[in-house]
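The structure under discussion appears below in the form of structure tokens.
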Amino acid sequence: MKSKALPFPIGRTELVIMMASLMSLNALAIDIMLPALGLISDDFGLTAVNDRQWTITSYIYGMAIGSILYGSLADRYGRRPVLLVTIGIYTGFGILCALAWTYELLLVGRFIQGLAAAALGVLANSIIRDRYDGDAMARAMSTIMMIFMIVPITAPLLGQLVLHVAPWKAIFLVLSAAGLLAFLWVMMRLPETLHPDNKTPIKFKSVTAAWYAVIFNRNSFGHVIASGLMMAPLFAYIASAQQIFFDIFDAGDIFVYIFALNAGAMSVASFTNSRIVMRFGARRVSQSALIFFILVSIIHFALAEAGLINIWTFTAVLVPSMGMVGFTGANFSSIAMQPFGRTAGVASSFQNFARSGLSAMIGAAIGLQFDGTVLPLATGFLVCGIASLLLIFWAEHGKLFRRVQTGVTASDLLPQS
5 MKSKALPFPI GRTELVIMMA SLMSLNALAI DIMLPALGLI SDDFGLTAVN
55 DRQWTITSYI YGMAIGSILY GSLADRYGRR PVLLVTIGIY TGFGILCALA
105 WTYELLLVGR FIQGLAAAAL GVLANSIIRD RYDGDAMARA MSTIMMIFMI
155 VPITAPLLGQ LVLHVAPWKA IFLVLSAAGL LAFLWVMMRL PETLHPDNKT
205 PIKFKSVTAA WYAVIFNRNS FGHVIASGLM MAPLFAYIAS AQQIFFDIFD
255 AGDIFVYIFA LNAGAMSVAS FTNSRIVMRF GARRVSQSAL IFFILVSIIH
305 FALAEAGLIN IWTFTAVLVP SMGMVGFTGA NFSSIAMQPF GRTAGVASSF
355 QNFARSGLSA MIGAAIGLQF DGTVLPLATG FLVCGIASLL LIFWAEHGKL
405 FRRVQTGVTA SDLLPQS
């Protein structure tokens, strides 16, 4: 059953674009940094070649840990005030990172920025869950992901443009400016989506009960962990992309364009998913994509093991892999959220914590195995894909490609008043 919702003065289109923009602040904070990692390493005199990856990984760790905090806060105080506070922290710590005089201080600032930004993904999921259910939610989330993917496509290029006219510290000021714009938009336009009747007090027992509900819901928990496994190689790729393209392929001049091509594949997949998910169902689409991901990963691993990887073969296997991640992400998330209505906030929070924590740990472990080849990355893709499929098989009791009806009607696709 769909949660009660307050009268809603903004349309579905603006809501979807707003949620995509909020989620995009996370992608911007990660991907805009990629062209600057070498400069950051040089400026701070980092000696270990893989230490530069912590500029990315510290933010992702903050995001993962922060995910556990905001669901219960949003279920108690509402979505809007929690959003405003956390966007404010994101904006402020962007300035702190720009002023950092040691690498350790930069990493602390990045961690806290990620800690605050974790609210953006959690609350975007909760707000959409407040408004939609089932395949309708999957459709909305897929549209959000499609818009969201514009940022990974353009962020490295934006970072490179900033570096042409300013030092790398100016990139953090760009993040703060984006945060300020988001703060003003939410403050002026977003109403509260959580109905007063659905507000729940913060009680440790009720919070842990919601966590247990996620953990012991076999289907939900299986999709959460599978989603984390699918995101792990993506994070590993992002963290090591600068080294792969600059050091292995000596292709720094076209790095941002190939990175954009891969992000574009995810965006096209999300767009396609938004058009087909209502017809075929989230399960059929995501499970088909997962199997194709594994097949491509086998080719990727074989090429890497045989030493046949160059920039073009690497791109040829990476683009379809990223596309399949685009099909699985929104669908796995929507399936995992389907059992939760009144406790959508705390459920989304815990799910994001589990998903992000797992992907951050495994992604960092894969990325830090960088040895001057793409074999560790290819291995990570294949292992994570197979493990994800096994989890989905377990979560669905061995019944793949089925369609589960959720009782969504056509009226659920429209903003309510």
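The sequence shown begins at 5 in the numbering used here and counts up by one.
Here a beta-carbon is modelled for each residue, glycine too, at the ideal position from N, C-alpha and C.
The model shown is predicted, which means the values in this text are computed figures rather than measured ones.
Identify whether residue i lies in helix, strand or coil by the three-state DSSP scheme.
i, result
"His199", "coil"
"His435", "Nothing about residue 435 can be read from this structure; the chain reaches only from 5 to 421."
"Arg84", "helix"
"Ile151", "helix"
"Ala351", "helix"
"Val378", "coil"
"Asp47", "helix"
"Asn314", "coil"
"Met37", "coil"
"Ile206", "coil"
"Leu372", "coil"
"Trp189", "helix"
"Thr324", "Strictly speaking, residue 324 in this sequence is Pro, with Thr absent from that position. In this structure, Pro324 counts as helix in the three-state DSSP scheme."
"Tyr63", "helix"
"Thr212", "helix"
"Asp137", "coil"
"Lys8", "Only weak support exists for where Lys8 lies, its pLDDT of 45 falling under 50; the value from the coordinates is given anyway. The answer is coil: DSSP assigns Lys8 none of H, G, I, E or B."
"Phe275", "helix"
"Thr95", "helix"
"Asp251", "helix"
"Leu194", "coil"
"Gln246", "helix"
"Arg16", "helix"
"Arg287", "helix"
So, at 8 Å on beta carbons, what are the nonlocal neighbours of residue i in its own chain, with the 5 sequence-adjacent residues on each side left out?
i, result
"Asp47", "Trp172"
"Ile339", "Ala142, Asn223, Ser224, His227, Ala286, Arg287 and Ser290"
"Val126", "Ser71, Tyr74, Gly75, Ala78, Gly349, Ser352, Ser353 and Asn356"
"Leu88", "Phe187, Val190 and Met191"
"Leu29", "Ile91, Tyr94, Ala121, Leu124, Leu179, Ala182, Gly183 and Ala186"
"Leu111", "Trp58, Thr59 and Ser62"
Less than 8 Å between the CB atoms is what I'm expecting for residue i and residue j, so what's the real figure, rounded?
i, j, result
"Ile151", "Ala24", "4 Å"
"Gly49", "Ala123", "Actually they do not touch by this definition, with Cβ atoms about 34 Å apart."
"Leu265", "Thr319", "7 Å"
"Val350", "Ala214", "4 Å"
"Val166", "Val178", "6 Å"
"Val321", "Val300", "6 Å"
"Ile295", "Leu393", "7 Å"
"Thr95", "Gly15", "With 8 Å as the limit, Thr95 and Gly15 do not qualify as a contact, their Cβ atoms being about 27 Å apart."
"Phe374", "Gly42", "Going by Cβ atoms, the distance from Phe374 to Gly42 rounds to 14 Å, so no, they are not a contact pair."
"Phe239", "Ile396", "Contact doesn't hold; Cβ gap of about 20 Å is too wide."
Near residue i, what residues of its chain come up, given a Cβ to Cβ distance below 7 Å and the 5 sequence neighbours on each side ignored?
i, result
"Met37", "Thr59, Ile60, Gly163 and Ile175"
"Ala3", "The shown model of the chain, from 5 to 421, leaves out residue 3, and the question about it has no answer."
"Tyr241", "Leu381"
"Glu196", "Leu10, Gly82, Arg83 and Arg84"
"Leu100", "Gly113"
"Ala425", "Lying outside 5 to 421, the shown extent of the chain, residue 425 is not represented and no answer is given."
"Val86", "Tyr74, Leu77, Ala78, Ala123 and Leu127"
"Ala40", "Gly163, Leu167, Trp172 and Ile175"
Hey, how far is the Cα of residue i from the Cα of residue j?
i, j, result
"Ala186", "Thr317", "39 Å"
"Asn221", "Ala399", "9 Å"
"Ser421", "Arg83", "Low confidence applies to Ser421: its pLDDT is 33, below 50, so where it sits in the model is not reliable, and the reading given next is rough at best. Cα to Cα, the separation comes out at about 18 Å."
"Arg288", "Phe405", "4 Å"
"Ala391", "Pro13", "44 Å"
"Lys209", "Ala358", "19 Å"
"Asn277", "Ser146", "6 Å"
"Gln355", "Leu312", "39 Å"
"Gly75", "Leu109", "28 Å"
"Tyr261", "Ser180", "25 Å"
"Ile252", "Ala102", "30 Å"
"Tyr216", "Lys207", "14 Å"
"Ala414", "Thr51", "Confidence in Ala414 is poor, its pLDDT being 29 and thus under 50, which makes the residue's placement unreliable; the coordinate value appears in the next sentence. Rounded to whole angstroms, Ala414 to Thr51 spans 58 Å at the Cα level."
"Thr212", "Tyr107", "37 Å"
"Ala369", "Ile229", "17 Å"
"Ile44", "Arg56", "7 Å"
"Phe297", "Pro200", "43 Å"
"Asp254", "Val323", "19 Å"
"Leu198", "Val20", "17 Å"
Cβ of residue i within 7 Å of any heavy atom in the ligand FAD?
i, result
"Ala174", "The ligand FAD is not among the ligands present in this structure, which contains no ligands whatsoever."
Who are the near neighbours of residue i in its chain, counting only those whose CB is closer than 6 Å to its CB and skipping five residues on each side?
i, result
"Pro156", "Ala31, Asp35 and Ala267"
"Met326", "Asn266, Ala269 and Met270"
"Thr204", "Asp79"
"Thr90", "Ala120 and Ala123"
"Met341", "Arg133"
Please decide whether residue i counts as near chain C, where near means a Cβ-Cβ distance under 8 Å.
i, result
"Asn202", "Chain labels in this structure do not include chain C; a single protein chain is all it has."
task: Kindly confirm or deny that the segment 222 to 242 and the segment 350 to 369 touch, where touching means at least three C-beta pairs closer than 8 Å.
output: yes
message: Pairs of beta-carbons, one from the segment 380 to 388 and one from the segment 291 to 311, closer than 8 Å: are there three or more?
response: yes
message: Does the segment 117 to 131 come into contact with the segment 237 to 248, if we say contact requires no fewer than three beta-carbon pairs (one atom in each stretch) closer than 8 Å?
response: no
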